[in-house]
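J.: Please read through the structure below; I'll follow up with questions.
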Amino acid sequence: MIHNYNDFCTELTKAGFSVAGGNDEGVFGLIHHNWNEAPPDGSPIRWHTGDPDTDPWEWRMRVLNERDDIAYAKMFFRKAGFITKAWYPYFLAVRRAGTSFAESYADGTISHAAKRIYEIVSQSDFLPSEEIKRLAGFPREEKSKFDRALTELQMGLYLTVCGSRQKTSLTGTAYSWPSMIFCTTERFWGKDVFAQAAEICPEDAVQTITEQIFSLNPLAQKTKVRKFIQGI
Numbered sequence: 763m764i765h766n767y768n769d770f771c772t773e774l775t776k777a778g779f780s781v782a783g784g785n786d787e788g789v790f791g792l793i794h795h796n797w798n799e800a801p802p803d804g805s806p807i808r809w810h811t812g813d814p815d816t817d818p819w820e821w822r823m824r825v826l827n828e829r830d831d832i833a834y835a836k837m838f839f840r841k842a843g844f845i846t847k848a849w850y851p852y853f854l855a856v857r858r859a860g861t862s863f864a865e866s867y868a869d870g871t872i873s874h875a876a877k878r879i880y881e882i883v884s885q886s887d888f889l890p891s892e893e894i895k896r897l898a899g900f901p902r903e904e905k906s907k908f909d910r911a912l913t914e915l916q917m918g919l920y921l922t923v924c925g926s927r928q929k930t931s932l933t934g935t936a937y938s939w940p941s942m943i944f945c946t947t948e949r950f951w952g953k954d955v956f957a958q959a960a961e962i963c964p965e966d967a968v969q970t971i972t973e974q975i976f977s978l979n980p981l982a983q984k985t986k987v988r989k990f991i992q993g994i
């Protein structure tokens with residue numbers, strides 16, 4: 763049972779990956795209860811209380827601020843999830859298969875909108891989402907297009923979340939949700955993770971991840987497992 767942030771980090775390190783929300787999509791998630799409901803097992807975990815120890819919403823940024831071995835981004839079913847450093851090379855081997863961004867764009871697997879975003883982020887150490895949108899030239903009426911392309915890059919493991927920044931008005935007043943800050947996965951992890959991924963055959967990576975999923979959840983749905991791994 764997960765009672766707090768430390769429990770979550772311990773179990774995530776053992777598992778290697780997890781869907782971030784209460785809905786595990788029939789695959790695997792460490793936090794199973796619904797956002798708006800108290801857990802039935804007596805756990806003190808509650809969503810959106812602001813308590814950094816027992817609110818899973820706070821854990822997303824805590825792992826990025828306090829650790830260097832956990833990635834958080836929209837990586838599963840176009841929704842948020844976590845992957846540890848030990849398991850990231852396996853997902854890289856599957857989803858990027860040793861190809862560069864330029865090669866993937868050339869073969870048509872990456873959209874032009876995603877290319878615009880990637881080029882902006884790759885030129886900086888990190889950028890908040892609203893700044894990416896501005897610099898990449900997405901007007902307000904193209905918000906949906908921008909959001910889809912940003913998710914596409916996270917699903918492909920080209921970009922990842924590396925922090926957050928509170929939005930403020932011209933007078934310095936905080937408003938709305940904080941903006942996610944993004945960087946390339948190369949900057950987030952460094953060379954070692956990519957070197958490890960280059961040594962892993964994609965087919966072997968799929969098999970290894972599949973075995974881990976079924977060890978965590980023997981009832982995982984096979985069709986969902988494939989999508990979970992391949993990011994489709």
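Those letters in the sequence shown? Residues 763 to 994, by the numbering used here. Glycine included, each C-beta is placed from N, C-alpha and C at the ideal position.
#1: In whole angstroms, what separates the C-alpha of GLU787 from that of LYS836?
#2: Compute the Euclidean distance between the alpha carbons of SER1026 and GLU961, then round it to the nearest angstrom.
#3: Along the chain, which unbroken stretches of the beta strand (DSSP E) at least 3 residues long are found entirely within the region 895-956?
#4: Just verifying my parser: in three-state terms, what is the DSSP assignment at MET837?
#5: Of the residues ASN979, THR972, PHE956, which one's Cα is nearest the Cα of LEU854?
#6: Quick check on DSSP: helix, strand or coil for LEU978?
#7: To the nearest angstrom, how far is it from the Cα of THR946 to the Cα of ILE882?
#8: When the Cα atoms are used, what is the spatial distance from ALA834 to GLY843?
#9: Check whether the region 900-914 touches the region 867-877, taking contact to mean three or more Cβ pairs, one atom from each stretch, closer than 8 Å.
#10: Helix, strand or coil for TYR848? Go by DSSP, reduced to three states.
#11: Determine contact between the region 817-830 and the region 765-781, defined as no fewer than three beta-carbon pairs at a distance below 8 Å.
#12: With a 10 Å radius around its C-beta and 16 neighbouring C-beta atoms as the bar for buried, classify ARG858 as buried or exposed.
#13: Use the C-beta contact count for ALA959: other C-beta atoms within 10 angstroms, 16 or more gives buried, fewer gives exposed.
#14: Expressed to the nearest angstrom, what Euclidean distance is found between the alpha-carbon atoms of PHE950 and LEU915?
#15: For TRP849, which residues of its own chain have a beta-carbon under 8 Å away from its beta-carbon, when the five flanking residues on both sides are left out?
#16: Here's the rule: buried if 16 or more other CB atoms are within 10 angstroms of the residue's CB, otherwise exposed. What is ALA898?
#17: Where does SER780 sit, in a helix, a strand or coil, going by DSSP?
#18: What is the DSSP secondary structure of LEU854, reduced to helix, strand or coil?
#19: With 16 other CB atoms within 10 Å as the buried threshold, where does LYS984 fall?
T.: According to the data block:
#1: 14 Å
#2: For residue 1026 there is no data in the structure shown, the boundaries of the chain being 763 and 994.
#3: 921-927, 941-946
#4: Judged by DSSP in its simplified three-state form, MET837 adopts strand.
#5: PHE956
#6: In this structure, LEU978 counts as helix in the three-state DSSP scheme.
#7: Per the coordinates, the alpha-carbon of THR946 lies some 10 Å from the alpha-carbon of ILE882.
#8: The question names Ala, but residue 834 in the sequence shown is Tyr. Distance between the alpha carbons of TYR834 and GLY843: 6 Å.
#9: yes
#10: Residue 848 is actually Ala in this sequence, not Tyr. If DSSP states are grouped into helix, strand and coil, ALA848 belongs with coil.
#11: yes
#12: buried
#13: buried
#14: Whole-angstrom Cα-Cα distance: 14 Å.
#15: Only GLY778, PHE779, ILE971, GLN974 meet the Cβ criterion.
#16: By the neighbour-count rule (16 or more Cβ atoms within 10 Å), ALA898 is buried.
#17: strand
#18: helix
#19: exposed
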